[in-house]
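Student: Structure provided below as structure tokens; questions to follow.
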Amino acid sequence: MIQRFLTFISRRFVRHIGICLLLAAACSPIQAKDFFIGDYGAVGDTTRLSTVAIQRAIDACAEAGGGRVVVPAGQYKTGTLVLRSHVNLHLEAGATLFGSTSLADYRPMRPAYVSLRTQRETVQLLYADNADHVVIDGYGTIDGRGRAFAKLSWNDEGITRPHLLRFIQCRDVVVKDVTLRNSGCWMQHYLACDRVRIEGIRVFNRNNYNNDALDIDGCHDVVVHGMMADSDDDGITLKSTSPRLCENVRISDCVVSSHCNAVKLGTETNGGFRNINISGIVIKPSEDQKEKFFGQWIGSSAISLEIVDGGVLENVSIADVTVEGTEAPIFVRLANRARGYYEGQTIDNVGSIDGVRLSNIQIRNAGRMGCSITGLPGHPVRNVWLSDITIHHKGGVTLDEAADLERRPFDEKEKEYPEATMWGDLPAKGFYIRHANNVKWRNVVVATEAPDLRPDIVQVDVTD
């Protein structure tokens, strides 16, 4: 009897332990497999092309259901790489992927999604189209060596000058910790993507024309945090080069240098922008001031908010920004360039700006042009709140110059490319507000290095 009882207990115990082990295995995360590029023939030698080998590793990873494609320490040369769903391209510390300097090594891609920037085949170093759960991470570097690609025409970016990174209609994208350098044009273009997280990356892009640091284009549900960026062209840029709005975007705790616009919503605005929250940004001139392709040495603007191709700009909040330099720090512009996203398209509406809050912004050592908030006759910028803004700039406008600026006929420049410096010195040394409704300000202070006889704020065709 005792023996049968002990056997029964033993069997129950073993079965219980077995069930627990099965449950533990089911609940434990499965370690994704690593695919080392060297195992597929990649060589750490920039005189030899490793495109085919690295692509083999990416494809093998995707076919296995996902994992990490590991780039170990070393220097590798590659042309276009196509990333796939559930693939994590991981660059170890000391690893550098160098883009080939020959355009023939870049694979032309024609995505299904059409926008102003993708109507024909484009070339880029890293590419993903309609992919899910794509990650680029690690403490390595991706260097596009973009100086090798000469500017051949006005609109050749992505055609004869490669982007470094382009994601189109992807979901659950993460780019984290890596260093991105020297693209042929835009550094990063995320087009019509959902759920994008960019965190802790370092960007240096000052070796060619159209050298933006980051372009988020018609994307939904985006978080950008802790980016350090130094770019010749625009820094943190939201665009809408198709009817798809850029919306639900949070950008925080970044340091940005730009010869053009450090933080910009525009220029392309076919869809527009909604629910954008930006805070904790430090804007400063680049420490590398040897060369300039576009813009101003101290930057054109710190914050530019633009609707010029139809579209809407709604519910935008920008706070806690520290600015050093820029010629015309704050620029809010509603105009009617009316450029479509495909050839022959007619844009028959002006668009709208409604609901902008700018607060706790400290600006020092700016140019003397002034800031502007401008709409068009019959199309005012609506509902703008300015609070706790301090502007310090060069000043130096005499009484006669101030009078001339006040009398000068104002050119609306309805169809021109929107740029913060487009009017030169403005009639106000702080804010020039024209064609607007319900603009409120509190604790806006303007100080100048040299005496400046312009008023702090000038309003023309402004209603409550």
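The opening residue of the sequence shown carries number 1115 in this note's numbering; numbering runs sequentially from there. In this text, a Cβ means the ideal position worked out from N, Cα and C, and glycines have one as well. All figures in this text were calculated on a predicted structure; none of them were measured in a lab.
Return the CA-CA distance between residue 1074 and residue 1376, expressed in angstroms with no decimal places.
Tutor: Any property of residue 1074 remains undetermined from this structure, which presents the chain solely from 1115 to 1578.
Student: Please determine if the region 1264 to 1276 and the region 1179 to 1186 are in contact, where contact requires at least 3 C-beta pairs separated by less than 8 angstroms.
Tutor: no
Student: Excluding five sequence neighbours on each side, which residues of the same chain lie with their C-beta closer than 7 angstroms to the C-beta of residue 1191?
Tutor: Locating residue 1191 in the sequence shown gives position 77, counting from the first residue. Same-chain partners within the cutoff: 1160, 1162, 1163, 1164, 1212, 1214.
Student: Where are the alpha helix (DSSP H) runs, 4 residues long or more, that stay fully inside the region 1164 to 1250, in chain order?
Tutor: 1165 to 1177
Student: With a threshold of 9 angstroms between beta carbons, is residue 1333 in contact with chain C?
Tutor: The question asks about chain C, but that chain is absent: this structure has only one protein chain.
Student: So which of 1360, 1440, 1543 has the shortest CA-CA distance to residue 1428?
Tutor: The residue given as residue 1428 occupies position 314 in the sequence shown. Of the listed residues, the one whose Cα sits closest to residue 1428 is 1360.
Student: Compute every distance between the C-beta of residue 1368 and the non-hydrogen atoms of the ligand ATP, then say whether any falls below 8 angstroms.
Tutor: The ligand ATP is not part of this structure, which contains no ligands at all.
Student: Kindly identify the DSSP beta-bridge partner or partners of residue 1318.
Tutor: Locating residue 1318 in the sequence shown gives position 204, counting from the first residue. Partner(s): 1295, 1344.
Student: Quick check: the Cα distance between residue 1228 and residue 1522, rounded to an integer number of angstroms?
Tutor: The residue you call residue 1228 lines up with position 114 of the sequence shown. The residue you call residue 1522 lines up with position 408 of the sequence shown. Looking at the two C-alpha atoms, the distance is approximately 43 angstroms.
Student: Once DSSP output is grouped into helix, strand and coil, what is the label at residue 1253?
Tutor: For this step, residue 1253 is matched to residue 139 along the sequence shown. Coil at residue 1253, not helix or strand.
Student: According to the neighbour-count rule (16 or more other Cβ atoms, all chains shown, within 10 Å of its Cβ), is residue 1559 buried or exposed?
Tutor: As a working note, residue 1559 is residue 445 in the sequence shown. Under this definition residue 1559 is an exposed residue.
Student: Am I right that residue 1238 and residue 1277 are in contact with their C-beta atoms under 8 angstroms? What's the rounded C-beta distance?
Tutor: To locate residue 1238, count along the sequence shown from 1; it is residue 124. To locate residue 1277, count along the sequence shown from 1; it is residue 163. Right, their Cβ atoms sit about 4 angstroms apart.
Student: Apart from the five residues on each side of it in sequence, which residues of its chain come closer than 8 angstroms, Cβ to Cβ, to residue 1563?
Tutor: Translated into positions along the sequence shown, residue 1563 becomes position 449. Excluding sequence neighbours, residue 1563 sits near 1506, 1507, 1508, 1509, 1510.
Student: Can the beta-carbon of residue 1488 be found less than 9 angstroms from the beta-carbon of residue 1547?
Tutor: Numbered from 1 along the sequence shown, position 374 holds the residue referred to as residue 1488. Numbered from 1 along the sequence shown, position 433 holds the residue referred to as residue 1547. A contact, by the Cβ cut-off of 9 angstroms.
Student: Give the range of the alpha helix (DSSP H) segment to which residue 1162 is assigned.
Tutor: Translated into positions along the sequence shown, residue 1162 becomes position 48. Segment: none, residue 1162 is in no alpha helix (DSSP H) and carries neither H nor E.
Student: Considering only residues of the region 1378 to 1466, which uninterrupted beta strand (DSSP E) runs meet the minimum length of 3 residues and lie entirely inside it, listed in chain order?
Tutor: 1386 to 1397, 1415 to 1421, 1426 to 1438, 1444 to 1448
Student: In the structure shown, what three-state DSSP assignment does residue 1376 receive?
Tutor: For this step, residue 1376 is matched to residue 262 along the sequence shown. The answer is strand: DSSP assigns residue 1376 an E or B state.
Student: When the Cα of residue 1357 is compared with those of 1367, 1449, 1424, which residue comes out closest?
Tutor: Within the sequence shown, the letter at position 243 stands for residue 1357. For residue 1357, the nearest C-alpha among the options comes from 1424.
Student: Report yes if the C-beta distance between residue 1568 and residue 1519 is below 9 angstroms; otherwise report no.
Tutor: Reading the sequence shown from its first residue, position 454 is the one you call residue 1568. Reading the sequence shown from its first residue, position 405 is the one you call residue 1519. Yes, the pair counts as a contact, with Cβ atoms nearer than the cut-off.
Student: Give me the Cα-Cα distance between residue 1143 and residue 1250, rounded to the nearest whole angstrom.
Tutor: By 1-based counting over the sequence shown, the position of residue 1143 is 29. By 1-based counting over the sequence shown, the position of residue 1250 is 136. Any reading at residue 1143 needs caution, since the residue's pLDDT is 41, under 50, leaving its predicted position unreliable; the model's value is listed next. Their backbone Cα atoms lie some 20 angstroms apart in a straight line.
Student: Could you name the residues of the same chain whose beta carbon sits closer than 7 angstroms to that of residue 1578, not counting the 5 residues immediately before and after it, in chain order?
Tutor: Counting from 1 along the sequence shown, the entry for residue 1578 is found at position 464. If we look at residue 1578 and ignore the five residues flanking it on each side, its Cβ neighbours are 1552.
Student: What do you get for residue 1234, buried or exposed, if any count of 16 or more other CB atoms within 10 angstroms of its CB means buried?
Tutor: Along the sequence shown, read from residue 1 onward, the residue named residue 1234 stands at position 120. With fewer than 16 Cβ atoms within 10 Å of its Cβ, residue 1234 is classed as exposed.
Student: Beta-carbon within less than 7 angstroms of residue 1544's beta-carbon, same chain only, minus the 5 sequence neighbours each way: which residues are those?
Tutor: As a position in the sequence shown, residue 1544 is number 430, starting the count at 1. Contacts found: 1484, 1485, 1505, 1558, 1560, 1570, 1571.
Student: By the DSSP assignment, the alpha helix (DSSP H) with residue 1520 in it spans what residues?
Tutor: One-based indexing of the sequence shown puts residue 1520 at position 406. Its alpha helix (DSSP H) spans residues 1513 to 1521.
Student: On the criterion of 16 or more Cβ atoms from any shown chain inside 10 Å, does residue 1124 qualify as buried, or is it exposed?
Tutor: Numbered from 1 along the sequence shown, position 10 holds the residue referred to as residue 1124. The predicted position of residue 1124 is uncertain, since its pLDDT is 48 and thus under 50; no value can be drawn from it.
Student: Comparing alpha-carbon positions, which option in 1381, 1288, 1150 lies nearest residue 1421?
Tutor: Here residue 1421 refers to the residue found at position 307 of the sequence shown. Of the candidates 1381, 1288, 1150, the one whose C-alpha sits nearest the C-alpha of residue 1421 is 1381.
Student: Please go through the same chain and pick out, in chain order, the residues whose beta-carbon is closer than 7 angstroms to the beta-carbon of residue 1189, but skip the five residues on each side of it.
Tutor: Counted from its first residue, the sequence shown places residue 1189 at position 75. Sequence-distant partners of residue 1189 (beyond 5 residues in either direction) whose C-beta falls short of 7 angstroms from its own C-beta, in its chain, are 1158, 1160, 1210, 1212.
Student: If I'm right that residue 1395 touches residue 1446 with Cβ under 8 angstroms, what's the distance once you round it to whole angstroms?
Tutor: The residue labelled residue 1395 in the question sits at position 281 within the sequence shown. The residue labelled residue 1446 in the question sits at position 332 within the sequence shown. Actually they are not in contact, since the Cβ atoms of residue 1395 and residue 1446 sit about 17 angstroms apart, beyond 8 angstroms.
Student: Could you give the C-beta distance for residue 1286 and residue 1247, rounded to a whole number, given that I count them as a contact under 8 angstroms?
Tutor: Taking the sequence shown and counting its residues from 1, the one referred to as residue 1286 is at position 172. Taking the sequence shown and counting its residues from 1, the one referred to as residue 1247 is at position 133. Confirmed, about 5 angstroms.
Student: In terms of residue numbering, what span does the beta strand (DSSP E) encompassing residue 1563 cover?
Tutor: Translated into the one-based positions of the sequence shown, residue 1563 becomes position 449. Going by DSSP, residue 1563 is part of the beta strand (DSSP E) stretching over 1545 to 1564.
Student: Below 8 angstroms CB to CB, which residues in the same chain sit around residue 1198 once its five sequence neighbours on both sides are set aside?
Tutor: The residue you call residue 1198 lines up with position 84 of the sequence shown. Closer than 8 angstroms at Cβ, skipping near neighbours: 1172, 1173, 1175, 1176, 1242, 1245, 1248.
Student: In or out: residue 1349 buried (at least 16 other Cβ within 10 Å) or exposed?
Tutor: One-based indexing of the sequence shown puts residue 1349 at position 235. Label assigned to residue 1349: buried.
Student: With DSSP run on the structure shown, which of helix, strand or coil describes residue 1531?
Tutor: Taking the first residue of the sequence shown as 1, we reach residue 1531 at position 417. Residue state, collapsed to three classes: coil.
Student: For residue 1169, count the other beta carbons within 10 Å of its own beta carbon; 16 or more makes it buried, fewer makes it exposed. Which is it?
Tutor: Position 55 of the sequence shown, counting from 1, holds the residue named residue 1169. The residue is buried, with at least 16 neighbouring Cβ atoms inside 10 Å.
Student: State the DSSP-derived secondary structure class of residue 1273, mapped to helix, strand or coil.
Tutor: In the sequence shown, the residue the question calls residue 1273 occupies position 159. Residue 1273 falls in the coil class under three-state DSSP.
Student: Going by alpha carbons, who is nearest to residue 1206 out of 1253, 1178, 1195, 1274?
Tutor: On the sequence shown, position 92 is the one that residue 1206 refers to. For residue 1206, the nearest C-alpha among the options comes from 1253.
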